[in-house]
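Asker:
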Amino acid sequence: MRTRLGVSPNHSSFRVGVLRTHLLTALFAHAFAEHTGATAQVRVRWDDTDAARTGRKHESPLLDELRHVAQIPITGAGSRQSEGTPRYRRALARLQESGVVRGEGGAVTLDVAATDRVLRSRGQDPQTATAQAALNTRVGLAPAEAQVRLVRSDGRALWHLASVVDDLHQRTTLIVRGSDKINATAIQVRLFQLLGADVPPAFLFVPRLEENDRRRSRIAALLEAGIRPAALRWYLVEPFLAPARGPGPHSFADLLARLRHRVPLRPDARFDLPRLAAMDRKLSAALHTSVAREELVRAGASADPHVLDWVATHYRRPLPHQLRLCSLLGGEPAFGAPPEEAAEAIVWLEQALGGGAETRAPAPPGLAWVLTGRDEVPGLGPEVARLPSKLVAARLAAARQALSRARAASIR
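First residue of the sequence shown? That's 16 in my numbering, and the numbers climb one at a time after it.
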């Protein structure tokens, strides 16, 4: 099962709706491959023919989002439409020999009526082929336009021609697209037939995820705001998942295991940031330790590896909370004013460090201050006894000194 992700490198981060289409493309390719006993290949195609709007500087961060945010297993190094000009010219020459194109003012168009006559003379029915190619919705069997532009006046291939030629070259068998491109099916199926495809690829359509604020709905902006990659994957694919109990899916493999077998085309939806944030909080409370640790590292957490492991395992909070705790535990504490419970917390932590029975009791409110110097770190409890003992001992010593200084200052 071969598919591709058509990526336009015109920005260093995907819009959330675009990444959803790419993630669903990969998931459906792997699902169909499993169902048929085949293997899946997901390649990247850089749609970079417009040099004024695209740049290679954007490609590395976009690949990073595909591989590490969406966790898409990508095959190979990818291809570039900017390097496909010889193929496009050969395909155009073949269409010209068939008598189905016209040239007007330097631009080249496909004559749909001439195309249908040629295909029927070969024993091919373009309308039947179009109907059979669309897997999950009905599509228009004939193009809406009598003439469809294939080439710009400057000689560059336009989307219809370039996409079909590239898919033929890469032997693509599955194309997943947003619902806004349904009307392109009749045109491209005809081009596939004209250029020699025995059977056009299958077309699967997914609803668009409409965005009110495109700047805030870029993937980089969502990650910067503290949304977990795992939660983002879950949110993007949730409408296509079978119901299941327990925590949400943590990985690409989890999503694949829960993907619905039937995928009727749903209505378009609005990007819902509050819902995404709620799903992020829910998943943070039950995330696999290995996934949580990887997300901490990729988000730039700076702490001892044992501290990272402890935070990923025991401090099940949203990613910004975990990052802040890693930072507080990784550097020298700057103690603020001690809370009333500071002395009680010191005694409790001393007993916990010694393995005393008190570790089973609720942790006192001042525990965060003892360990971090701050008292606004929620969620610390008896599990702190499993932090590295040297770290805990050092924090206890520093907290005692800070408490003594505060007491001395109060009686002057």
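For glycine and all other residues, C-beta sits at the position ideal for the given N, C-alpha and C.
1) Quick one: Cα of S27 to Cα of A300, how far?
2) What first and last residue would you give for the alpha helix (DSSP H) that runs through V127?
3) To which residues of the same chain is A259 closer than 7 angstroms at the C-beta, ignoring the five residues directly before and after it?
4) Is the stretch 209–222 touching the stretch 175–190 in the sense that three or more CB pairs, one from each, lie closer than 8 angstroms?
5) Could you please give me the residues that DSSP links to L256 through a beta bridge?
6) Taking the Cβ atom as the reference point for each residue, do S168 and A122 lie within a distance shorter than 8 angstroms?
7) According to DSSP, is D23 helix, strand or coil?
8) Buried or exposed: S178, going by 16 or more other Cβ atoms within 10 Å of its Cβ?
9) Alpha carbons only, please: which of R339, H321, L298, R332 is nearest the one belonging to G315?
10) How would you label T64, buried or exposed, when you count the other beta carbons within 10 angstroms and need 16 or more for buried?
11) Kindly give me the distance between the Cβ atoms of L334 and E310, rounded to whole angstroms, as I take these residues to be in contact under 8 angstroms.
12) Quick one: measure Cβ to Cβ for R60 and V22, integer angstroms, because I've assumed they're closer than 8 angstroms.
13) Evaluate V214 with the Cβ neighbour count: other Cβ atoms within 10 Å of its Cβ, from every protein chain shown; 16 or more gives buried, anything less gives exposed.
14) So what's Q139 in DSSP terms, helix, strand or just coil?
15) What is the rounded straight-line gap between the Cα of L134 and the Cα of T69?
16) Taking 7 angstroms as the limit between beta carbons, can you name the residues of its chain near F47, skipping five residues before and five after?
17) Pick helix, strand or coil for S94, following the three-state DSSP scheme.
18) With the cut-off set at 8 angstroms, would you say V163 and I197 are in Cβ contact?
19) Just the C-alpha distance for D131 and L209, rounded to the nearest angstrom, thanks.
20) Going by CA-CA distance only, name the one from H276, S404, P264, W384 that's closest to F350.
21) Residues in the same chain with beta-carbon distance under 6 angstroms from L206, minus the five sequence neighbours each way, listed in chain order, please.
22) Three Cβ pairs or more, each shorter than 8 angstroms: is that satisfied between the stretch 264–284 and the stretch 144–154?
23) Can you tell me the Cβ-Cβ gap for L298 and R243, rounded? I've got them flagged as a contact below 8 angstroms.
24) Give me the Cα-Cα distance between A146 and P222, rounded to the nearest whole angstrom.
25) Going by the beta-carbon positions, is the gap between F255 and L39 smaller than 8 angstroms?
26) Please classify D390 as buried or exposed, where buried requires at least 16 neighbouring CB atoms within 10 angstroms.
27) What separation, rounded to the nearest whole angstrom, lies between the Cα atoms of A424 and A417?
28) So, for D62: in the same chain, excluding its five sequence neighbours on each side, which residues have a beta-carbon less than 6 angstroms away from its beta-carbon?
29) List the whole-angstrom C-beta distance separating G93 from R58, where the pair is believed to meet the contact cut-off of C-beta under 8 angstroms.
30) Going by C-alpha distance, which of T143, R19, P158, L270 is nearest Q185?
31) In this structure, does DSSP put V59 in helix, strand or coil?
32) Taking the alpha-carbon of R104 as reference, which of R308, E49, L165 has the nearest alpha-carbon?
33) Going by C-alpha distance, which of T90, Q86, S75 is nearest V252?
34) Go through its chain and collect everything with a Cβ distance to P380's Cβ below 7 angstroms, but skip five positions before and after it.
35) Given A128, which residues of its chain have a CB within under 7 angstroms of its CB, disregarding the five upstream and five downstream residues?
36) With H, G and I counted as helix, E and B as strand and the rest as coil, what does DSSP make of R186?
Answerer: According to the data block:
1) Counting from 1 along the sequence shown, the entry for residue 27 is found at position 12. Counting from 1 along the sequence shown, the entry for residue 300 is found at position 285. The alpha-carbon atoms of S27 and A300 are separated by roughly 31 angstroms.
2) Position 112 of the sequence shown holds residue 127. Boundaries of the alpha helix (DSSP H) harbouring V127: 127–136, taken from the DSSP string.
3) The count along the sequence shown starts at 1 and reaches residue 259 at position 244. Cβ within range, chain order: R273.
4) yes
5) The residue given as residue 256 occupies position 241 in the sequence shown. For L256, the beta-bridge partners assigned by DSSP are L274.
6) Working through the sequence shown from its first residue, we reach residue 168 at position 153. Working through the sequence shown from its first residue, we reach residue 122 at position 107. Cβ atoms of S168 and A122: closer than 8 angstroms.
7) Locating residue 23 in the sequence shown gives position 8, where the first residue counts as 1. A small correction: the amino acid at residue 23 is Ser; Asp does not occupy that position in the sequence shown. Here S23 sits in coil by DSSP.
8) Stepping through the sequence shown from its first residue, residue 178 is reached at position 163. Answer is buried; the Cβ neighbour count reaches 16.
9) Along the sequence shown, read from residue 1 onward, the residue named residue 315 stands at position 300. Per the Cα distances, R339.
10) One-based indexing of the sequence shown puts residue 64 at position 49. Buried, since its Cβ has 16 or more Cβ neighbours within 10 Å.
11) Position 319 of the sequence shown, counted from the first residue, corresponds to residue 334. Position 295 of the sequence shown, counted from the first residue, corresponds to residue 310. The pair is a contact, with the Cβ atoms about 6 angstroms apart (cut-off 8 angstroms).
12) Here residue 60 is taken as the residue at index 45 of the sequence shown, counted from 1. Here residue 22 is taken as the residue at index 7 of the sequence shown, counted from 1. Right, the Cβ-Cβ distance comes to about 7 angstroms (below 8 angstroms), so this counts as a contact.
13) Locating residue 214 in the sequence shown gives position 199, where the first residue counts as 1. Answer is exposed; the Cβ neighbour count stays below 16.
14) As a working mapping, residue 139 is identified with position 124 in the sequence shown. Three-state DSSP puts Q139 in coil, outside helix and strand.
15) Here the question's residue 134 lines up with position 119 in the sequence shown. Here the question's residue 69 lines up with position 54 in the sequence shown. Their Cα atoms are separated by approximately 36 angstroms.
16) By 1-based counting over the sequence shown, the position of residue 47 is 32. The beta carbon of F47 sits closer than 7 angstroms to the beta carbons of M16, L189 from its chain, once the five residues preceding and following it are set aside; these are given in chain order.
17) Against the sequence shown, residue 94 aligns to sequence position 79. Looking at S94 - three-state DSSP - the assignment turns out to be strand.
18) The count along the sequence shown starts at 1 and reaches residue 163 at position 148. The count along the sequence shown starts at 1 and reaches residue 197 at position 182. For V163 and I197, no; Cβs fall outside 8 angstroms.
19) Position 116 of the sequence shown holds residue 131. Position 194 of the sequence shown holds residue 209. The straight-line gap from Cα to Cα measures roughly 10 angstroms.
20) On the sequence shown, position 335 is the one that residue 350 refers to. Among H276, S404, P264, W384, the Cα nearest to that of F350 is on W384.
21) The residue labelled residue 206 in the question sits at position 191 within the sequence shown. Taken in chain order, the residues that qualify are V179.
22) The stretch 264–284 and the stretch 144–154 touch, with no fewer than 3 CB-CB distances between them shorter than 8 angstroms.
23) Working through the sequence shown from its first residue, we reach residue 298 at position 283. Working through the sequence shown from its first residue, we reach residue 243 at position 228. So it is a contact: roughly 7 angstroms between Cβ atoms.
24) Within the sequence shown, the letter at position 131 stands for residue 146. Within the sequence shown, the letter at position 207 stands for residue 222. If I take the Cα positions, the gap works out to 19 angstroms.
25) In the sequence shown, residue 255 corresponds to position 240, counting from 1. In the sequence shown, residue 39 corresponds to position 24, counting from 1. Yes, the Cβ-Cβ distance between F255 and L39 is below 8 angstroms.
26) Position 375 of the sequence shown holds residue 390. Counting Cβ neighbours within 10 Å, D390 comes out buried, since at least 16 surround it.
27) Counted from its first residue, the sequence shown places residue 424 at position 409. Counted from its first residue, the sequence shown places residue 417 at position 402. The straight-line gap from Cα to Cα measures roughly 11 angstroms.
28) Numbered from its first residue, the sequence shown carries residue 62 at position 47. G21, S23, Q96.
29) Position 78 of the sequence shown, counted from the start, is the residue given in the question as residue 93. Position 43 of the sequence shown, counted from the start, is the residue given in the question as residue 58. That pair is a contact at about 6 angstroms.
30) Along the sequence shown, one-based indexing puts residue 185 at 170. Nearest option by C-alpha distance: R19.
31) If you number the sequence shown from 1, residue 59 lands on position 44. Here V59 sits in strand by DSSP.
32) Indexing the sequence shown from 1 puts residue 104 at position 89. Comparing Cα positions, the closest option is L165.
33) Working through the sequence shown from its first residue, we reach residue 252 at position 237. Each of T90, Q86, S75 was checked against the Cα of V252, and the nearest Cα belongs to Q86.
34) One-based indexing of the sequence shown puts residue 380 at position 365. Counting only Cβ-Cβ distances below 7 angstroms, and skipping sequence neighbours, we find P354, E356.
35) Here residue 128 refers to the residue found at position 113 of the sequence shown. Taken in chain order, the residues that qualify are A161.
36) For the purposes of this step, residue 186 is taken as residue 171 along the sequence shown, with counting starting at 1. If DSSP states are grouped into helix, strand and coil, R186 belongs with coil.
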